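Shown next, in structure tokens, is the structure this report addresses.
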Amino acid sequence: MSTNRETLTKELIELVAQEGMVEPSEITPERPLEELDIQSADFVMILMAIEEKYGAYVSVDNELTDVVTVQDLLNLAISKIEAHQAAEA
Amino acid sequence: MSRVVVTGLGAVSACGLGADVLIDATQAGRSGVKPIHFDDLDAQRVKTAACLSEADLGEVLGEKPHRMREPVAEYALAAAREAVAQAGLTEEYFGDRCGVSIGSGFGGGQTLNINYLKLGREGSMRLDPMSVPKIMNNAAASWVSMEFGATGPALCLATACSSGSQSIGMGYQMIASGQVDRCLAGGSEACLESGVFRVWELLRVMTAEQNRPFSKDRNGMILGEGAGVLVLESLESAKARGATILCELVGFGTNSDAGDLLRPDPKRAAACMRMALKSAGMTPADIGYVNAHGTGTVANDVNEVTALRDVFGPALDGLDVSATKPIHGHALGAAGALEMIVAIGALRRQSVPPTINFTEVDPKIDLNPVANVAKPKPLEAVMSNSLAFGGINATLIAKAYAPS
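Here the protein sequences come in this chain order: A and B. Numbered by my numbering, the letters in the first sequence go through residues 1 to 89 in order. Numbered by my numbering, the letters in the second sequence go through residues 90 to 493 in order.
Listed below in structure tokens is the structure:
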């Protein structure tokens, strides 16, 4: 599980970098997304990519409004992806 | 300025055919949300919508679908026929003194979708030759004008989720100013089509679970469809023909945020409600029930409650507010018309319809809406809000008719 989560975290950071159009090296878990200039329109792109890659649908709801840092976004994405995988299994 | 009254209501919705059917469903908290499946979508993420039942769809479209009409036009016609019949309007009451104001957010979504799929998949040049008149946004308004011979102004406002409310508001203004004696006003929408549904999924404002406006565990809206049409008349002409008056339309406010296309501005929504109150000559204390826009997205709920608190102040805690979208869905361009019919239903039945699926007050907004069960109470005046993408707000106010 921990290896899976590490791989997933790495993949997600790459995905956030690609969709948010920032250098992967700039992305560290504690950085606020705003500081990386990742805005609501980028969120929608990131969520679309998560859906394409992992099949998990994340609506722009309550949980997402609480997301501030890269780590917050990763936590939310991982929980949704794991919930989706559990439901599919 | 002429006083404006409502003498007829008509509705087509996921709850069934008829304004009374819609009002019954909202009062009983009976949802029209159903499973929906699109063969064209490889992976459909959201699997429910407030769509018409197969039986109702068959009844509205007829055995042989009209070659020139989209469902969006048929829904509007069905709602208009019902409203006109209830109002008892006969041929002599149409002509130049009758306007039509029927909005739609999308227009003919079905033909557009079929054409794109056929063109993309088969490269077919053999598309529906009647596509243009079927797709154009004003088709519903035009078919309604032709059906009844209403040769006054025909308008089609395409202002997304405010189309229906603004269209009723425009009808109200045309009558109040004396331009026409009566108007068939409302909105129609029929865009539950694969391509349209997918782009709503991509915007990520739809819930894959249940629609729960104002509830702590809300996570998005549910799409709907249908049409709502009101017969609006000047009090004078309604009285002259001995019509039964259902209620009086007393207030209309509309403005724009001129800010962000998607993110609403609570100051502007509050200003819109104040404008409607001013035109009604009312204070916030006169309103007994607010049918909220209440989509169940976090952006709307936070915005609308902030605006309501601005307008109603501490009295908001004692005001009855509900969102009926979990019952009839978010019918976009028809939403404001369906919800005004629901609000008028509340006024006529002296009972506030509930916000169903509500579980827990959200501390972020701290609003305790009328939840899950209808609340009977004396009502003198009701308000309905529409707050659209594009930053377009509209508020309508109706009150019980009292001959003066």
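The beta-carbon is built from N, C-alpha and C at its ideal position, and this holds for glycine as well. Just so it is clear, the structure is predicted and the values come from calculations on it, not from any experiment.
### Task
Run the CB neighbour count on M1/A, radius 10 Å, all protein chains shown included, and call it buried at 16 or more, exposed below.
Bear in mind that the predicted position of M1/A carries a pLDDT of just 49, short of 50, making it unreliable; the figure below should be weighed with that in mind. Counting the other CB atoms within 10 Å of its CB gives M1/A a total below 16, which places it among the exposed residues.
### Task
Would you verify that the beta carbon of E290/B is, or is not, closer than 9 Å to some beta carbon of chain A?
Yes, E290/B lies at the interface with chain A (some Cβ there is under 9 Å from its Cβ).
### Message
Just checking: is the beta-carbon of S59/A within a distance shorter than 9 Å of some beta-carbon in chain B?
### Response
Chain B, which has a Cβ nearer than 9 Å to the Cβ of S59/A, makes this yes.
### Query
How about G260/B and L178/B: do their beta carbons lie closer than 9 Å?
One thing to note: G260/B has its Cβ no nearer than 9 Å to the Cβ of L178/B.
### Message
Could you check whether the Cβ of A89/A sits closer than 9 Å to any Cβ belonging to chain B?
### Response
Answer no: the Cβ-Cβ gap between A89/A and chain B never drops below 9 Å.
### Query
Do you know how far the Cα of A228/B is from the Cα of R119/B?
Near 32 Å, if we compare the C-alpha coordinates of A228/B and R119/B.
### Task
Could you tell me whether the stretch 123-139 of chain B touches the stretch 294-305 of chain B, using the rule of 3 or more Cβ pairs below 8 Å?
Enough Cβ pairs lie closer than 8 Å, so yes.
### Query
When the cut-off is 9 Å and only beta carbons count, does N457/B lie next to chain A?
Not an interface residue.
### Task
Please list the partners that A460/B has in chain A, where partner means a Cβ-to-Cβ separation under 8 Å.
Neighbours of A460/B on chain A: none; closest Cβ ~18 Å, over 8 Å.
### Message
Would T296/B pass as an interface residue toward chain A - the criterion being a Cβ-Cβ separation below 9 Å?
### Response
For T296/B, the answer is yes, since a Cβ of chain A falls inside 9 Å of its Cβ.
### Message
When you compare the CB positions of S193/B and A165/B, do they come within less than 9 Å of one another, or not?
### Response
Remark: C-beta atoms of S193/B and A165/B approach each other more closely than 9 Å.
### Message
Spatial neighbours of A360/B within its chain, please: C-beta separation below 7 Å, excluding the five flanking residues on both sides.
### Response
Closer than 7 Å at the Cβ level, and outside the excluded window around A360/B, lie N344.
### Query
Of all the residues that make up the stretch 75-86 of chain A, which are near chain B by a beta-carbon distance shorter than 9 Å?
Under the 9 Å Cβ criterion, the stretch 75-86 of chain A contributes no residue.
### Task
Go ahead and pull the three-state DSSP assignment for M90/B.
Look at M90/B here: in three-state DSSP terms it is coil, with no helix or strand label.
### Query
In terms of residues, what are the limits of the beta strand (DSSP E) holding R271/B?
Run containing R271/B: 271-278, per the beta strand (DSSP E) assignment.
### Task
Taking L338/B as the reference, give the member of A316/B, F303/B, A274/B, C250/B with the closest Cα.
Proximity to L338/B across A316/B, F303/B, A274/B, C250/B peaks at A274/B, based on C-alpha coordinates.
### Query
Taking 9 Å as the CB-CB cut-off, is N308/B touching chain A?
For N308/B, the answer is yes, since a Cβ of chain A falls inside 9 Å of its Cβ.
### Query
Within the chosen definition, does the stretch 201-217 of chain B reach the stretch 252-271 of chain B through at least 3 CB pairs nearer than 8 Å?
The stretch 201-217 of chain B is not in contact with the stretch 252-271 of chain B.
### Message
With DSSP as the reference, identify every bridge partner of E181/B, one or two as the case may be.
### Response
According to DSSP, which records beta bridges pairwise, E181/B is partnered with nothing at all.
### Query
How about N62/A: is its C-beta nearer than 9 Å to some C-beta of chain B?
For N62/A, at least one C-beta of chain B is nearer than 9 Å to its own C-beta.
### Query
Is it the case that the Cβ atoms of I90/A and V60/A are separated by a distance below 9 Å?
Examination of residue 90/A is not possible in this model, given that chain A is present from 1 through 89 alone.
### Query
Buried or exposed: where does V93/B fall if 16 or more other Cβ atoms within 10 Å of its Cβ makes it buried?
In the assembly as shown, V93/B is a buried residue. Its beta-carbon has 16 or more other beta-carbons within 10 Å.
### Query
Among I416/B, E469/B, P353/B, which one has its Cα closest to the Cα of F110/B?
Looking at the sequence provided, one finds Val at residue 110/B rather than Phe. Taking V110/B as reference, the option from I416/B, E469/B, P353/B with the minimal CA-CA separation is I416/B.
### Query
For A287/B, which residues from the same chain have a beta carbon less than 7 Å from its beta carbon, with the 5 sequence-adjacent residues on both sides left out?
First, the amino acid is wrong: residue 287/B is Arg here, not Ala. Cβ neighbours of R287/B within its own chain (closer than 7 Å, five residues either side excluded): L130.
### Query
Alpha carbon to alpha carbon, how far is V480/B from Q262/B?
Sequence inspection shows Gly at residue 480/B; the Val mentioned does not correspond to that position. Rounded to whole angstroms, the separation of the alpha carbons of Q262/B and G480/B is 21 Å.
### Query
Is R448/B close to chain A, meaning its C-beta is less than 9 Å from at least one C-beta of that chain?
Here the sequence assigns Thr to residue 448/B, which means Arg is not the residue at that position. By this cut-off, T448/B is not an interface position.
### Query
Under 9 Å, do P524/B and A423/B count as touching if we go by C-beta distance?
Outside the displayed range of chain B (90 to 493) lies residue 524/B, so it cannot be described from this structure.
### Message
For S345/B, list the residues DSSP reports as bridge partners.
### Response
As DSSP reads the structure, S345/B sits in a beta bridge with I481/B.
### Burial state of S25/A (16 or more Cβ within 10 Å)
S25/A is exposed by the Cβ-count criterion.
### Query
In chain order, what residues of the same chain lie with their CB nearer than 6 Å to the CB of G238/B, ignoring the 5 residues before and after it?
Cβ neighbours of G238/B beyond the five flanking positions: F183.
### Query
Can you give the Cα-Cα distance for K356/B and D399/B, rounded to whole angstroms?
The C-alpha of K356/B lies about 8 Å from the C-alpha of D399/B.
### Option in S283/B, E236/B, V320/B with minimal Cα separation from I125/B
The candidate whose alpha carbon is nearest that of I125/B is S283/B.
### Task
Residues of the stretch 45-58 of chain A with a CB closer than 8 Å to any CB of chain B: list them in chain order, please.
From the stretch 45-58 of chain A, only L47, M48, E51, G55, Y57, V58 have a Cβ closer than 8 Å to chain B.
### Message
Could you give the first and the last residue of the continuous beta strand (DSSP E) run that contains L321/B?
### Response
Bounds of the beta strand (DSSP E) holding L321/B are 315-323.
### Query
According to DSSP, which residues form a beta bridge with A243/B?
Residue pairing by DSSP places A243/B opposite V189/B in a beta bridge.
### Query
With a cut-off of 9 Å, does the C-beta of T115/B fall near any C-beta of chain A?
Not closer than 9 Å to any Cβ of chain A, the Cβ of T115/B fails to qualify, so no.
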